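Beneath this line is the structure, given in structure tokens, with notes to follow.
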Amino acid sequence: MKTLICNAQLVNEGVITSQDLLIEDGRISKIAAQITAPAGATVVDATGKYLLPGMIDDQVHFREPGFPNKGTIASESRAAVAGGITSFMEMPNVNPQTTNLQALEDKYTRASQSSLANFAFYLGATNNNLEEIKRLDPNQACGVKIFMGASTGNMLVDNQATLEGIFANSPVVIATHCEDSPTIAINEEKMRQQYGEHVPVSLHGEIRSREACLKSSQLATELAIRNKARLHVLHLTTADELHLFLPAKKLADLKGANITAEVCVHHLFFNDSDYERLGSQIKCNPAIKTRADQLALQQAVNDDILDIIATDHAPHTWEEKQADSYFKMPSGLPLVQHALLSLLDLHAQGIFSLEKIVQKTSHAVAERFELKDRGYLREGYIADLALVDLGSPFTVTKENTRYHCGWTPFMGHQFAASIAGTWVNGIHKFDGNRFIDNTVGERLQFNRSR
157 MKTLICNAQL VNEGVITSQD LLIEDGRISK IAAQITAPAG ATVVDATGKY LLPGMIDDQV
217 HFREPGFPNK GTIASESRAA VAGGITSFME MPNVNPQTTN LQALEDKYTR ASQSSLANFA
277 FYLGATNNNL EEIKRLDPNQ ACGVKIFMGA STGNMLVDNQ ATLEGIFANS PVVIATHCED
337 SPTIAINEEK MRQQYGEHVP VSLHGEIRSR EACLKSSQLA TELAIRNKAR LHVLHLTTAD
397 ELHLFLPAKK LADLKGANIT AEVCVHHLFF NDSDYERLGS QIKCNPAIKT RADQLALQQA
457 VNDDILDIIA TDHAPHTWEE KQADSYFKMP SGLPLVQHAL LSLLDLHAQG IFSLEKIVQK
517 TSHAVAERFE LKDRGYLREG YIADLALVDL GSPFTVTKEN TRYHCGWTPF MGHQFAASIA
577 GTWVNGIHKF DGNRFIDNTV GERLQFNRSR
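In short: position in the sequence shown from 1, add 156, done, that's the numbering used here.
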């Protein structure tokens, strides 16, 4: 299989260049100013479009096994590919929870039969599975996930001795959800006393407060420093936490860094003024907070304080999200199809450069998780690609929404750009309008040793 993508603007490693890119046998075989198409090659004219390494999403909840009414690996990976995401790393709060090696391998088996994108999975931590974590082969999981605050699935790890043991012994990157549960419980009780069960969704950020986030993030960084652990703090939401990750890090230092940090697309795109319009649709953990926090997070991306941009894609059914009580409304929203588009909107607003978006959604993810031969437009690397058209707006409708749950907080929104094509392992899977190949993706491989 040979494909020549010609006349594209390649966005890679901090520069944009006008070049052709040749794919042969699933890999990028040549990048040059002008390439003659080999015999039998498919030629794609990308004049006026930008070719990016496919987004690697290090934080998704695809809900399989256990919750097929919300989503499956098959359905959500298709939505991801339609959004220019070529690889994902999936979380353990499913049913049964991914807290032992057997459950971990079961998910790999499922994905190998149904995922349109490439895949890896986290092993989940509990208060009593430290020995299972110690047994983990470094190439078996993308990381160990610790919920250092109760969230969807209630996998809270709050035993101090267990936390110390995980940080001292994990053979892979530790990814943490940082919110302090006791602080949240106190805030919930105060709100219940005032509003009963009908707390306004707009107060979600005061219940899952900045103090709860900061207290937990501080604990995680202290544990990492004390145990010389590899820590990746997920989905930061407050300006208050950013000082924990100074000074700004260079991309070249990521692989050896002890501590890295991440922000998610919805915390960059929305702020608490959007609750009035979208309500429970943007209720998520940790909560979307103020405009000042949003601006601080955007600046921290540009200052390289935040290393990675992910989605935390977490679908629920529309009926669940419309519950009549704040406390019954589940937290989480579907994002993978519209994540890259939302970042391109921020690019159109002058907030992020294309080079910065590629660094945070692809290069840095590959470096932090030590992915083998992915995340860059380089000769010899696997051809995971997203072709985007900055001059062709995309309006979200129910008909073109790919999530199994069938809804999105972006419904009716016109994005400034569109996804013109997605290649996974060199295979053209999505042409901007329809899926043209259903070949399953591959298990992500790592450059790791014990």
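For glycine and all other residues, C-beta sits at the position ideal for the given N, C-alpha and C. The structure presented is a predicted model; accordingly, all values stated were derived computationally and were not measured.
- Put simply, the backbone Cα of P209 is about 37 Å away from that of E367.
- By the neighbour-count criterion, in which a residue is buried when 16 or more other Cβ atoms sit within 10 angstroms of its Cβ, W474 is exposed.
- Looking at the backbone, the Cα of D293 and that of Q350 are separated by about 50 Å.
- Less than 9 Å separates the beta-carbon of T393 from that of C369.
- In the DSSP assignment, F483 forms no beta bridge with any residue.
- Using a 10 angstroms sphere on the CB of E287, the tally of other CB atoms stays under 16, which defines it as exposed.
- DSSP places W579 in the strand class (E or B) of the three-state scheme.
- For G582, the CB contacts under 6 Å within the same chain, skipping 5 residues up- and downstream, are I179, G182 and A539 in chain order.
- For the set G321, L390 and I381, the Cα lying nearest the Cα of C334 is the one of L390.
- C369: member of the alpha helix (DSSP H) spanning R366 to N383, first to last residue.
- The C-beta distance from A235 to V580 rounds to 14 Å, too long to fall under 8 Å, and the pair is not in contact.
- According to the DSSP assignment, V514 belongs to the alpha helix (DSSP H) that extends over L510 to V514.
- Distance between A576 and I438, taken at the CA atoms: about 27 Å.
- Ranking T203, L207 and D176 by CA distance to the CA of A193 puts D176 first.
- The Cβ atoms of I464 and A385 lie no closer than 9 Å to each other.
- Within the model, the alpha-carbon separation for A324 versus N383 is close to 5 Å.
- By the Cβ-count criterion, T339 is buried, with 16 or more other Cβ atoms from all chains shown falling within 10 Å of its own Cβ.
- Straight through space, the alpha carbons of K484 and E353 are spaced by roughly 9 Å.
- If you compare the alpha carbons of T228, G547 and V300 with that of L260, the shortest gap goes to V300.
- L546 is a Cβ neighbour of Y206, given a cutoff of 9 Å.
- The residue from E476, L166, L510 and N315 with its alpha-carbon nearest to that of C561 is E476.
- Around N251, the same chain offers G222 as residues with beta carbons nearer than 6 Å, after the five sequence neighbours per side are excluded.
- Under the DSSP definition of a beta bridge, D201 partners with C162.
- Counting only residues of its own chain and dropping the five nearest sequence neighbours on each side, N427 has a CB closer than 8 Å to the CB of I444, K445, T446, R447, D449 and Q450.
- A check of alpha carbon separations from A495 across I289, Q316 and A572 identifies A572 as the nearest.
- Secondary structure at Q455: helix, using DSSP grouped into helix, strand and coil.
- Partner residues in the beta bridge of M304, as assigned by DSSP, are C334.
- Secondary-structure assignment with DSSP links K445 through no beta bridge to anything.
- With a beta-carbon spacing of about 6 Å, L527 and L600 fall inside the 8 Å limit used to define contacts.
- For the options N274, S270, I302 and S268, the alpha carbon positioned closest to that of A281 is the one of I302.
- In the DSSP assignment, A193 falls outside any alpha helix (DSSP H), carrying neither H nor E.
- Non-local C-beta neighbours of T173 in its own chain, meaning closer than 8 Å and more than five positions away in sequence, comprise Q165 and L166, ordered along the chain.
- Assignment of Y264 by DSSP, reduced to helix, strand and coil, places it in the helix class.
- Between the alpha carbons of M311 and C298 lies a distance of about 18 Å.
- With 16 or more other CB atoms across the displayed protein chains lying within 10 angstroms of its CB, E232 is buried.
- Between S270 and T228, the C-beta spacing is below 9 Å.
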